[in-house]
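Accompanying notes for the structure given below.
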Amino acid sequence: MPCCGLINQRATTTTTVNPRLGFTENGSFTYSHSGDPCLDFFFHVVPGARPEKIIQLLEKAWYHNPLTTLKLIFNLRGIRGTGKSNKEGFFTCALWLHD
3 MPCCGLINQR ATTTTTVNPR LGFTENGSFT YSHSGDPCLD FFFHVVPGAR PEKIIQLLEK
63 AWYHNPLTTL KLIFNLRGIR GTGKSNKEGF FTCALWLHD
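Heads up, the sequence shown is in this note's numbering, so the first residue is 3 and it goes up one at a time.
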């Protein structure tokens, strides 16, 4: 029986993300990033976010998953309950795409 007693010789490694802690606007502890750049883009691109921060998050998300990032960009502009209604954030991302 050739399959009995065989051990999978491929090493499996797991990486643990040790996210840094930050603070909310109320002064409570929170994680400053999730480990998924697209999720970070979704939660951190809010009205009033600095364009430099938006571009930084956008570049990381785009490198991670371009299609999901494109969907998230259009979600920024969605109005009437279909998105975040974040016009400035959307235009910042659209100009980045254009360049």
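From the three backbone atoms N, C-alpha and C, an ideal C-beta is built for every residue, glycine too.
- The DSSP-derived three-state label of threonine 32 is strand.
- Per DSSP, glycine 80 is not a residue of any beta strand (DSSP E), being assigned neither H nor E.
- Ranking Ser30, Gly29, Ile75 and Leu99 by CA distance to the CA of aspartate 42 puts Ile75 first.
- Glycine 50: not part of any alpha helix (DSSP H); DSSP gives it neither H nor E.
- Glycine 24 carries a strand assignment under DSSP once its states are collapsed to helix, strand and coil.
- Per the coordinates, the alpha-carbon of leucine 78 lies some 9 Å from the alpha-carbon of cysteine 95.
- By the 16-neighbour rule on beta-carbons within 10 angstroms, glycine 91 is buried.
- Per the coordinates, the alpha-carbon of histidine 46 lies some 15 Å from the alpha-carbon of arginine 22.
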